[in-house]
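Going by the working numbering, the first residue of the sequence shown is number 773, and it counts up by one from there. Idealized CB from N, CA, C, for every residue including glycine. Presented below is the structure to which this report refers.
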Amino acid sequence: MRQSRTLIPTLREVPADAEAKSHQLLLRAGFIRQNTSGIYSYMPLANKVIQKIQAIIREEMENINAVEMLMPALQQAETWQESGRWYSYGPELMRLKDRHGREFALGPTHEEVVTSIVRDEIKSYKRLPLTLYQIQSKFRDEKRPRFGLLRGREFIMKDAYSFHSSAESLDDTYQDMYQAYTNVFTRCGLNFRPVIADSGAIGGKDTHEFMALSAIGEDTIAYSDESSYAANIEMAEVAEVVESETVEIKDMQEIHTPGVKTIEELATFLNISPSNCIKSMLLKADGRFVLVLTRGDHEVNEIKVKHLLDAGMIEFASAEEVVENIGTTPGFVGPIGLNPEIEIIADFSVKVMTNVVVGANKSDYHLQNVNLSRDTDHIQYADLRFIKEGDPSPDGKGTIRFARGIEVGQVFKLGTRYSEAMNATYLDENGRAKPMLMGCYGIGVSRTLSAIVEQHHDDKGLVWPLSVSPYDLHILALNMKNEGQVQLAETLYKDLQAKGYDILFDDRTERAGVKFADSDLIGLPIRITVGKRADEGVVEVKIRKTGDSFEITTDELSGFIEKQMKNLSTHS
Ligand code: ATP
Ligand code: MG
773 MRQSRTLIPT LREVPADAEA KSHQLLLRAG FIRQNTSGIY SYMPLANKVI
823 QKIQAIIREE MENINAVEML MPALQQAETW QESGRWYSYG PELMRLKDRH
873 GREFALGPTH EEVVTSIVRD EIKSYKRLPL TLYQIQSKFR DEKRPRFGLL
923 RGREFIMKDA YSFHSSAESL DDTYQDMYQA YTNVFTRCGL NFRPVIADSG
973 AIGGKDTHEF MALSAIGEDT IAYSDESSYA ANIEMAEVAE VVESETVEIK
1023 DMQEIHTPGV KTIEELATFL NISPSNCIKS MLLKADGRFV LVLTRGDHEV
1073 NEIKVKHLLD AGMIEFASAE EVVENIGTTP GFVGPIGLNP EIEIIADFSV
1123 KVMTNVVVGA NKSDYHLQNV NLSRDTDHIQ YADLRFIKEG DPSPDGKGTI
1173 RFARGIEVGQ VFKLGTRYSE AMNATYLDEN GRAKPMLMGC YGIGVSRTLS
1223 AIVEQHHDDK GLVWPLSVSP YDLHILALNM KNEGQVQLAE TLYKDLQAKG
1273 YDILFDDRTE RAGVKFADSD LIGLPIRITV GKRADEGVVE VKIRKTGDSF
1323 EITTDELSGF IEKQMKNLST HS
């Protein structure tokens, strides 16, 4: 492609409102332009990258017998009402009405549509398993669209759905997808980890997220420094501690602690460690009140609480609700002498604490030397806290470390969540109707583009891995007024194109400095500069990633480029 004929609107300044490096660079290098918050146009260069990522995905899907189709983005409300998600999805679902007042949604995912199709078309176990996928724009009215393509309101997703007559078959496809996703992200040049994840609102059990490691990532990954264990911090299990030392059990005592509310204030006031205090928090789980206890220096993991209580929604009780249900103000709540109607759950680590301090359920008072095994009798213990750096890895191998990640993909075992709600059944060998088992698998294609940029750039601009680069080669004719340079550049452009390379040819009548700066910013893997030594038949070849540059004669050029391309494709 001739640069004079395409649209690459580069910017010299860093756009003021773009926080993420990928957002800044994609704007500056002319890859994207914003329509409005969370909605972008993919300019010609970004479109090329998207096509390359999609081609990789298509190859990997083909390999595991997943078949591509295309479903409507605009969907009638009735299908969503059948699954129940019309009512539970919340404000992220983009809803609209047609001219007759009928309600519609713009698809954020396609479980409903695909399940309705398969329900109508597949009747027998003989037609299962079946995996369908599509690549398409999705719509989610995100609360905080940000970081450019990383969290958009319209974004491109690859979504796949599999249908099965047995759990083993679902397991097989899940494994295939897991491997295909590993291949896709490896081929895209991403440094990533698959992590154990929470199934969230979509329902289901087994699920992994694929996290591109990046400081800007919104998720925290807990991983072992010695094994392959990695989990979203939401899901990382903490092993139960067994009591080690025996200490003298003391008598419980009430202490006056005026205005001392937080664990930090309490620890300072009593000159003890926060790990000798118990944090008591009143939560509301689907409307019922539950007291949750953790060690003072630990953080409660609401997802674990939600799972333990099998609750749809949990939130912290308001100050008014604390007063109403416990009879004291927040800061003095505790498990002793609590309203017996309130269930108490506690983290495992609380069980082995001795002579601890808790709120006295009386304003301005705490209790010290509390021993829960002696002083209470109705506490349920479970793993309820967030894992911490330095904790032992749950698989028993190594120590937990933290990293930040961008979720670029996720694989789910849905089970019968949708097939039961929407009556998608098949007839088994004995002619009995059974709900299909399902899996669903998503890749954020546009988010992946941004994640690649987060990992592959330098202070001059983008540094594309060859596999997803918009073009392979960038040919620069430095002086378009110099007949010899123009002719040589044109010849190389034609010859190398004929060899199958995808080339961007800077034939603009711009100054050399502008061409170099734009070229660095755009970041194609190999640059061929036709400049002063054109009449000797010598050009400069520069590798964007390493900065290495070579003076090469036109005779040697083709062989040299071939070698460099091979190098780049094995070391991306
Ligand atoms: P997140 O937790 O980041 O909101 P999600 O878990 O809700 O994402 P999924 O329903 O799993 O997203 O969607 C599949 C994939 O689509 C995600 O792994 C992610 O890569 C991508 N994706 C989801 N939401 C967005 C968004 N707002 N912008 C860009 N990509 C997105
Ligand atoms: Mg997800």
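Distance cut-off 8 Å: residue i Cβ against heavy atoms of the ligand MG
{"i": "residue 981", "result": "yes"}
{"i": "residue 969", "result": "yes"}
{"i": "residue 1362", "result": "Limits of the chain in this structure are 773 at one end and 1344 at the other, which puts residue 1362 out of reach."}
{"i": "residue 883", "result": "no"}
{"i": "residue 1006", "result": "no"}
{"i": "residue 750", "result": "As displayed, the chain neither begins before 773 nor continues past 1344, which places residue 750 out of reach and without an answer."}
{"i": "residue 854", "result": "no"}
{"i": "residue 775", "result": "no"}
{"i": "residue 1179", "result": "yes"}
Where residue i sits in the DSSP three-state scheme
{"i": "residue 903", "result": "strand"}
{"i": "residue 776", "result": "helix"}
{"i": "residue 927", "result": "strand"}
{"i": "residue 1089", "result": "coil"}
{"i": "residue 974", "result": "Because the pLDDT of residue 974 is 46, which lies under 50, any placement of that residue in the model is unreliable, and the number read from its coordinates should be weighed accordingly. Looking at residue 974 - three-state DSSP - the assignment turns out to be helix."}
{"i": "residue 795", "result": "helix"}
{"i": "residue 754", "result": "The structure shown does not extend to residue 754, since the chain is modelled only from 773 to 1344, so the question has no answer here."}
{"i": "residue 1119", "result": "strand"}
{"i": "residue 814", "result": "strand"}
{"i": "residue 949", "result": "helix"}
{"i": "residue 1245", "result": "strand"}
{"i": "residue 1233", "result": "strand"}
{"i": "residue 1007", "result": "coil"}
{"i": "residue 866", "result": "strand"}
{"i": "residue 783", "result": "coil"}
{"i": "residue 1337", "result": "helix"}
Spatial distance of residue i from residue j (CA atoms)
{"i": "residue 927", "j": "residue 895", "result": "34 Å"}
{"i": "residue 1066", "j": "residue 1046", "result": "11 Å"}
{"i": "residue 970", "j": "residue 1182", "result": "10 Å"}
{"i": "residue 975", "j": "residue 939", "result": "With a pLDDT of 45 at residue 975, under the threshold of 50, the modelled position of this residue cannot be trusted, and the question is left open."}
{"i": "residue 867", "j": "residue 855", "result": "16 Å"}
{"i": "residue 1257", "j": "residue 793", "result": "36 Å"}
{"i": "residue 998", "j": "residue 1004", "result": "17 Å"}
{"i": "residue 824", "j": "residue 1239", "result": "7 Å"}
{"i": "residue 1269", "j": "residue 1247", "result": "11 Å"}
{"i": "residue 1223", "j": "residue 921", "result": "9 Å"}
{"i": "residue 1341", "j": "residue 1017", "result": "57 Å"}
{"i": "residue 1061", "j": "residue 1053", "result": "10 Å"}
{"i": "residue 778", "j": "residue 1299", "result": "18 Å"}
{"i": "residue 1113", "j": "residue 1013", "result": "29 Å"}
{"i": "residue 889", "j": "residue 932", "result": "14 Å"}
{"i": "residue 966", "j": "residue 1338", "result": "28 Å"}
From the options, residue whose alpha carbon lies closest to that of residue i
{"i": "residue 818", "options": "1289, 799 and 1047", "result": "799"}
{"i": "residue 1206", "options": "1213, 1215, 1195 and 1216", "result": "1195"}
{"i": "residue 1031", "options": "1079, 1006, 1302 and 1100", "result": "1100"}
{"i": "residue 1369", "options": "1342, 1262, 1168 and 1236", "result": "Limits of the chain in this structure are 773 at one end and 1344 at the other, which puts residue 1369 out of reach."}
{"i": "residue 1333", "options": "982, 1301 and 907", "result": "1301"}
{"i": "residue 1108", "options": "944, 859, 1169 and 1026", "result": "1026"}
{"i": "residue 1106", "options": "1055, 1221 and 1021", "result": "1055"}
{"i": "residue 1071", "options": "1287, 1155, 1259 and 1086", "result": "1155"}
{"i": "residue 784", "options": "1309, 892, 919 and 1289", "result": "1289"}
{"i": "residue 915", "options": "1265, 851 and 923", "result": "923"}
{"i": "residue 849", "options": "861, 839, 838 and 842", "result": "861"}
{"i": "residue 1309", "options": "1259, 1280, 1293 and 1298", "result": "1259"}
{"i": "residue 1303", "options": "1164, 1048 and 1262", "result": "1262"}
{"i": "residue 1080", "options": "1092, 1064 and 1069", "result": "1064"}
Near the ligand ATP: residue i beta-carbon under 8 Å from a heavy atom
{"i": "residue 927", "result": "yes"}
{"i": "residue 1341", "result": "no"}
{"i": "residue 880", "result": "yes"}
{"i": "residue 1237", "result": "no"}
{"i": "residue 1107", "result": "no"}
{"i": "residue 808", "result": "no"}
{"i": "residue 1215", "result": "yes"}
{"i": "residue 978", "result": "no"}
{"i": "residue 1078", "result": "no"}
{"i": "residue 966", "result": "no"}
{"i": "residue 887", "result": "no"}
{"i": "residue 1226", "result": "no"}
Interface flag, residue i vs chain D, CB-CB below 9 Å
{"i": "residue 910", "result": "Any reference to chain D falls outside this structure, which holds one protein chain only."}
Whole runs of the beta strand (DSSP E) within the stretch 1168 to 1229, excluding any shorter than 3 residues: 1172 to 1187, 1197 to 1199, 1205 to 1207 and 1209 to 1216
Restricting to runs no shorter than 3 residues, where is the beta strand (DSSP E) found entirely within the stretch 1124 to 1158? 1128 to 1131, 1137 to 1142 and 1151 to 1154
Runs of 3 residues minimum, wholly inside the stretch 1034 to 1114: which ones carry the beta strand (DSSP E) assignment? 1050 to 1057, 1060 to 1067 and 1086 to 1088
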